[in-house]
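Residue 1 is where the sequence shown starts when you use UniProt numbering, and the numbers rise one by one after that. Positions of the beta carbon are idealized from the N, C-alpha and C atoms, including for glycine. These notes are about the structure you will find just below.
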Amino acid sequence: MRYSADHKSQTHKRIIKEASERFRRDGIGATGLQPLMKALNLTHGGFYAHFKSKNELVEKALKAAAAELDAHCELLFSQEQPLEAFIDSYLSEWHRTSPDQGCPLPTMSSELGLRGQHSPTTDMVLEARLSQIETALGNKNVAGEALVLMSTLVGALVLARSVENPTLATRILEVVRVGLKTQVSESRRADQ
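The following block contains the structure:
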């Protein structure tokens with residue numbers, strides 16, 4: 001059977017997309033190459049026609065997740081109240097229950113950190129969000145404030161995803177969301 005000229009490229013993209021979703025949903029370690037390839041109706045051996053190692057796939061999948069997040073954040077940070085929109089989106093019920101579609105930081109960065117594997121893409125994702133938050137804050141000494149805000153968002157989402165009780169999960173999201181938005185509002189007032 002003859003494949004089209006761009007078949008390998010399209011297959012490569014499909015593998016990255018599926019891996020990106022599975023790594024964010026299930027974690028890197030829990031995502032085996034054989035089930036990943038089988039889900040795409042590909043052979044396990046065919047993986048090595050596209051990637052040298054699972055680590056290479058992890059980095060490419062993280063970059064794909066970062067690109068999705070960048071596109072989403074561009075829309076949020078173009079709104080009239082960008083930080084509030086970002087906080088609402090990040091600590092939403094959808095984001096809690098759809099890790100495969102959301103920010104890679106809560107799932108992938110903790111696992112990479114525990115493994116002692118560092119990713120320049122993780123740095124890139126974090127730095128891009130910090131830059132957007134700092135710009136939205138608009139005052140002079142916001143680097144620390146942006147880092148606290150982003151760390152709080154990631155931590156709250158991790159906690160909300162990890163608890164068994166859905167009422168507690170919702171409460172975590174709501175309380176932290178309100179607290180962060182109040183903090184942002186107070187910060188703006190202090191700068192006026």
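*Can you name the start and end residues of the alpha helix (DSSP H) that PHE23 belongs to?*
Per DSSP, the unbroken alpha helix (DSSP H) holding PHE23 starts and ends at 7 to 26.
*Just reading off the alpha helix (DSSP H) that CYS103 is part of, what are its end residues?*
Boundaries for CYS103: no alpha helix (DSSP H) harbours it, and the DSSP string shows neither H nor E there.
*N- and C-terminal bounds of the alpha helix (DSSP H) containing PHE51*: For PHE51, there is no enclosing alpha helix (DSSP H), since its DSSP letter is neither H nor E.
*asked:* Am I right that LYS54 and LEU33 are in contact with their C-beta atoms under 8 Å? What's the rounded C-beta distance?
replied: 6 Å between Cβ atoms; contact.
*asked:* Suppose contacts are defined by Cβ-Cβ distances below 9 Å. Is PRO120 in contact with VAL154 by that definition?
replied: The Cβ atoms of PRO120 and VAL154 do not sit closer than 9 Å to each other.
_At a cut-off of 8 Å, would you count SER89 as near the ligand COA, judging by its Cβ distance to the nearest heavy atom?_
No copy of the ligand COA occurs in the structure displayed, which carries no ligand at all.
*When LYS38, ARG25, SER4, ALA30 are compared against ILE15, the one with the closest alpha-carbon*: Nearest Cα to ILE15 within the set LYS38, ARG25, SER4, ALA30: LYS38.
*asked:* Suppose you measure from the CA of GLU127 to the CA of ALA49; what does that come to, to the nearest Å?
replied: If I take the Cα positions, the gap works out to 33 Å.
*Of the choices ASP88, LEU91, GLU18, whose alpha-carbon is the least far from that of LYS63?*
Residue nearest to LYS63 within the set ASP88, LEU91, GLU18 is GLU18 (criterion: CA-CA distance).
*Give every residue of the same chain whose Cβ lies closer than 7 Å to the Cβ of GLY46, excluding the five residues on either side of it in the sequence, and list them in chain order.*
Excluding sequence neighbours, GLY46 sits near MET37.
*Would PRO99 pass as a contact of ALA66 if the rule is Cβ separation under 9 Å?*
Cβ distance not < 9 Å, so PRO99 and ALA66 don't count as in contact.
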